[in-house]
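Trainee:
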Amino acid sequence: MKYLFFKMYQVLKLIKTNDTPVTNAYILLTVLLAVNFYTFYLLFRVLFEFNFSANKSGLIIFACIYMLIMYLINYYYLYRNSNDICEKYQNESKTQSFRGYILLGAYFIFTFILFITVASYSL
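Everything in the sequence shown is counted per the working numbering, starting at 75 for the first residue and increasing by one.
1. Do residue 153 and residue 100 count as a contact pair if the criterion is CB distance below 8 angstroms?
2. Would you tell me roughly how many angstroms separate the C-alpha atoms of residue 80 and residue 130, rounded to the nearest one?
3. Just the C-alpha distance for residue 162 and residue 125, rounded to the nearest angstrom, thanks.
4. Rounded to whole angstroms, what is the Cα-Cα separation between residue 196 and residue 172?
5. Given a cut-off of 8 angstroms, decide if residue 189 and residue 113 are closer than it, judged by their beta-carbon atoms.
6. Ordered along the chain, which non-local residues of its own chain (more than five positions away) have a Cβ less than 7 angstroms from that of residue 95?
7. Since residue 192 and residue 120 are thought to touch, with beta carbons under 8 angstroms apart, how far apart are those beta carbons, to the nearest angstrom?
8. From residue 164 to residue 151, what does the alpha carbon distance come to, in whole angstroms?
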């Protein structure tokens with residue numbers, strides 16, 4: 075996860091209008107983790123025919139609490155240590171860097187394809 079954070083930071087740093095690439099990488103990774111969590115919930119629901127019914131306000135409260143917990147975990151795990159993470163990975167070779175960008179792209183693509191596929195079966 076730290077390496078994905080570093081690669082997201084590097085990509086976001088290339089955008090000239092982006093003043094806070096570390097913060098944006100932290101938020102983007104947290105949102106992607108939330109999408110993955112929801113995808114696994116939907117997959118669990120489809121595979122095991124699990125029906126969890128709650129009212130809309132209950133789901134909103136759960137989603138807010140979950141996102142808050144994820145933001146706090148990633149804040150302490152990634153954001154506060156962003157300088158150390160960048161120092162650890164900044165000396166990678168061009169081949170390693172290219173593989174990292176491929177890994178990051180695959181993570182994005184796989185996350186959204188899996189979400190769309192599972193959501194189409196469960197909703």
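Even glycine gets a Cβ: it sits at the ideal position worked out from N, Cα and C.
Mentor: A quick look at the data gives this:
1. yes
2. 36 angstroms
3. 44 angstroms
4. 36 angstroms
5. yes
6. 83, 86, 87
7. 7 angstroms
8. 18 angstroms
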